[in-house]
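Chains as they are written, first to last, in the working numbering: chain A, 1 to 289; chain B, 1001 to 1455.
Don't be surprised by glycine CBs; every beta carbon is placed ideally from N, CA and C.
Quick caveat: nothing in here was measured; it's all calculated off a predicted structure.
See structure below.
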């Protein structure tokens, strides 16, 4: 209870308090900003010191390599279409890795998410277990699994596919379970009342509600996975990344090939981004009449 | 819609409905079929059926057993009869001359106890291995070969004997005899020499004893011995983790700092000149479209391997992404607040500071923190390509193809690091953006209410 006997604070007191408050806020903000700037500066200096080349030298040379590659590519521009055709199968392999791993990952993610959503899970006691499985498979960078699998299976698309699929299952599983939480349980209860099994309840009661959201997230993941599968190719898992590393290790004289691969990768990513962006837009806002 | 359908006759409506059902059925069954067909195509294209032939069972076995166990080599040079004991056969894990673990007794005849009745003797002339349930195997390595003598009867498949080589693999260990060398492996569970190497005085001490030493003022020396452990290189690993985190931190926040002013130039409400808007937007698209792999490759040419290259690669890629997200957020800001600030006579800069920035701070912070977490993972991958951080250590350890215990250690560290960053960024987000917590709370209470409403 406030003390009613004291007179209300005068205007000057209120103003004084207010100014003190804003000043305190400003000081805190200033300290935070100073810490942040100091962290950035110290981080940059540490990174610069531990790097092989210094920032200043590198900054002046940033455009040397692209200029070299572009120069050579322009010189041999007549061969460019041939290279584009030559590397197209590798690009298809990269896309296949991304698509297959997105599909497998999404299917696993759907199952994991249904198993770990309250209200839908057949075994509520095991929800934390499935959540941890998703957390861990999301936390492992793809490259870790890919490198270990390359040792076991040899190079090729399969290690990359498995590695990306595991990560995708975790990442999509988390997003899907957030979507599932908003799904209405009425269809599920209805189906249960007529004796549907768990799989039937999920397939007929839940999936139609959340399907568009699932597809939209999976498309977004597909974009990310194309990049990931190109990167994994670079460490030996086939596809366009592998070709890029080969043509780069040849060094000068083969830069036209590298340029062709850069171009293919760039076009693919832009096209897929655009297409899936439009598709996702239609999924979330409905088709334009 | 409903008014139109009422005008239709019953037959028409039935027809429309059955058509709708047909379409739904087609989608319901068609989609899974397409997915299955595609997966079948991938199965063929990736030659998965031929994969079983490629699987290296031997590699798998070494990988699994090596990641949780280690072996100690007892090696006898058959030419000068000298015996040395080394963990994993590495110089770094070698016991000093004249010293050996308790299960090896050095002497004129070196006796090696492999437990469960298995026993090996390195005599001056003869090597003997007593295998329970089978008998005594002897070998006399010399100029003429290994001269192995096995007990009578058929040779079991775990013994591989030829003129110049004898190899016996049992559950207790492994004995290899060649003309010049005799070697015994004994396997142990665990990660060897994880805390202290053999040359440290603290090797083999229990935690209680270590603690008492630490209390007596040796804490610095103990930590130093642990920190400079040559086998596990804790110092380098800690630096590598720090480098990876540094890459993510510098890259993400640097991208945010670069992208924020540029994002203003890409919005319809703050940038009136459509040509500038167009150029900046295409610039963001270009940065995003050129994959981080390409940026990494290009930048590592200019800056050389190291954390700075990784940080810059993340910075460049994410500048494009942030630019897009921030400019979308800026286009959605409420004009009223800006007008309010403007009415007090504030300069344009102050209008931005107090009218715009507070509105987009939640979006900005939550995106930055979300990317900080996901970039920790990217930094590991980029580190493996450019050569920096924990990614480099991991690839190096995998390339040697024998230090699988180190690979397992790094993988555990990476997972812990990413999970920590996940938790940390979530925690910071909740601390900094108070509205978000409230929102989720409301959502949860609503969900609870709905649950009660359900029959």
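Given this structure, state the Cα-to-Cα distance separating residue i from residue j, to the nearest angstrom.
i                       : j                       : result
residue 1355 of chain B : residue 1317 of chain B : 29 Å
residue 342 of chain A  : residue 264 of chain A  : Given a span of 1 to 289 for chain A in the structure shown, any question on residue 342 of chain A remains unanswerable.
residue 1172 of chain B : residue 1114 of chain B : 6 Å
residue 1156 of chain B : residue 1186 of chain B : 21 Å
residue 162 of chain A  : residue 1109 of chain B : 53 Å
residue 67 of chain A   : residue 1298 of chain B : 11 Å
residue 1305 of chain B : residue 1230 of chain B : 24 Å
residue 267 of chain A  : residue 1175 of chain B : 59 Å
residue 12 of chain A   : residue 32 of chain A   : 30 Å
residue 165 of chain A  : residue 99 of chain A   : 10 Å
residue 51 of chain A   : residue 1036 of chain B : 48 Å
residue 21 of chain A   : residue 1429 of chain B : 24 Å
residue 283 of chain A  : residue 219 of chain A  : 11 Å
residue 1233 of chain B : residue 1099 of chain B : 24 Å
residue 1388 of chain B : residue 111 of chain A  : 37 Å
residue 1280 of chain B : residue 1323 of chain B : 9 Å
In the DSSP output, which residue or residues are listed as bridge partners for residue i?
i                       : result
residue 1071 of chain B : B:1187
residue 1122 of chain B : B:1110 and B:1127
residue 1160 of chain B : B:1167
residue 173 of chain A  : Answer is none; residue 173 of chain A lacks a bridge partner.
residue 1087 of chain B : B:1072
residue 1115 of chain B : B:1118
residue 1094 of chain B : B:1086
residue 1149 of chain B : B:1138
residue 116 of chain A  : Residue 116 of chain A is not bridged to any residue.
residue 1173 of chain B : B:1186
Would you say residue i reaches chain A, if we count a Cβ-Cβ gap shorter than 9 Å as a contact?
i                       : result
residue 1380 of chain B : yes
residue 1309 of chain B : yes
residue 1247 of chain B : yes
residue 1366 of chain B : no
residue 1401 of chain B : yes
residue 1227 of chain B : no
residue 1253 of chain B : yes
residue 1101 of chain B : no
residue 1507 of chain B : It is not possible to answer for residue 1507 of chain B, since the shown part of chain B is limited to 1001 through 1455.
Quick check on residue i: buried or exposed, where buried means 16 or more other Cβ atoms within 10 Å of its Cβ?
i                       : result
residue 1367 of chain B : buried
residue 1011 of chain B : exposed
residue 1437 of chain B : For residue 1437 of chain B, the predicted structure reports a pLDDT of 47, less than 50, and the residue's modelled location is therefore unreliable. A value from the coordinates is still provided. Looking at its Cβ environment, which holds fewer than 16 other Cβ atoms inside 10 Å, residue 1437 of chain B is exposed.
residue 1446 of chain B : Residue placement at residue 1446 of chain B cannot be trusted, given a pLDDT of 40 that sits under 50; what the coordinates show is reported in the next sentence. Exposed, since its Cβ has fewer than 16 Cβ neighbours within 10 Å.
residue 1208 of chain B : exposed
residue 1053 of chain B : exposed
residue 1024 of chain B : exposed
residue 1015 of chain B : exposed
residue 64 of chain A   : exposed
residue 1246 of chain B : buried
residue 276 of chain A  : buried
residue 241 of chain A  : buried
residue 1360 of chain B : buried
residue 15 of chain A   : exposed
residue 1292 of chain B : buried
residue 1116 of chain B : exposed
residue 279 of chain A  : exposed
residue 1371 of chain B : buried
residue 1404 of chain B : buried
Between residue i and chain B, is any beta-carbon pair separated by less than 9 Å?
i                      : result
residue 257 of chain A : no
residue 51 of chain A  : yes
residue 129 of chain A : no
residue 281 of chain A : no
residue 93 of chain A  : yes
residue 270 of chain A : yes
residue 142 of chain A : yes
residue 104 of chain A : yes
residue 117 of chain A : no
residue 22 of chain A  : no
residue 202 of chain A : no
Assuming residue i and residue j are in contact, meaning their beta carbons sit under 8 Å apart, how far apart are those beta carbons, in whole angstroms?
i                       : j                      : result
residue 1294 of chain B : residue 88 of chain A  : At roughly 18 Å, the Cβ-Cβ gap does not stay under 8 Å, so residue 1294 of chain B and residue 88 of chain A are not in contact.
residue 132 of chain A  : residue 168 of chain A : Actually they are not in contact, since the Cβ atoms of residue 132 of chain A and residue 168 of chain A sit about 17 Å apart, beyond 8 Å.
residue 1380 of chain B : residue 141 of chain A : 5 Å
residue 176 of chain A  : residue 109 of chain A : 5 Å
residue 1289 of chain B : residue 92 of chain A  : In fact, because the Cβ distance is near 19 Å, the residues do not count as touching under 8 Å.
residue 180 of chain A  : residue 215 of chain A : That belief does not hold up - the Cβ atoms of residue 180 of chain A and residue 215 of chain A are roughly 15 Å apart, past 8 Å.
residue 160 of chain A  : residue 105 of chain A : At roughly 12 Å, the Cβ-Cβ gap does not stay under 8 Å, so residue 160 of chain A and residue 105 of chain A are not in contact.
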